[in-house]
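Contents: one structure, followed by commentary.
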Amino acid sequence: SLWKVEDEGTQKFMQAFYERLWKEKQGSLQALQATKKEWIEKQRKNTPGIGSIYSPKVWSAFILSGAR
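Every number in the numbering used here is 20 more than the matching position in the sequence shown, counting from 1.
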């Protein structure tokens, strides 16, 4: 990641990303984009007390690097 992100947010984001990557057989770019879109939607539907892990400070820290 580009900066330190809280453990809970990282864990949930990576679980969603790798599920798309491995179970749904999406490419890495598509899986990352879809996961970020999902997090944006969840943040929009924010209910008190759970919104912090869906904050842009969590999902925007992750980028792809390298070819594949």
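Idealized CB from N, CA, C, for every residue including glycine.
Since we're looking at a predicted model, the values are computed, not measured.
Apart from sequence neighbours up to five positions away, the residues of its chain that approach ALA51 with a beta-carbon distance below 6 angstroms are PHE37, ARG40, LEU41, ordered along the chain. Distance from the CA atom of LEU84 to the CA atom of LEU49, rounded to whole angstroms, is 7 angstroms.
Sixteen is the threshold: when 16 or more other Cβ atoms of the shown chains lie within 10 Å of the Cβ of TRP59, as they do, the residue is buried. Shown here, GLU26 sits in coil according to DSSP, grouped into three states, outside any helix or strand.
With contacts defined as CB atoms closer than 8 angstroms, VAL78 and GLY47 fail to qualify as a contacting pair. In the same chain as VAL25, and ignoring 5 residues on each side of it, the C-beta atoms closer than 6 angstroms to its own belong to VAL78, ALA81, in chain order.
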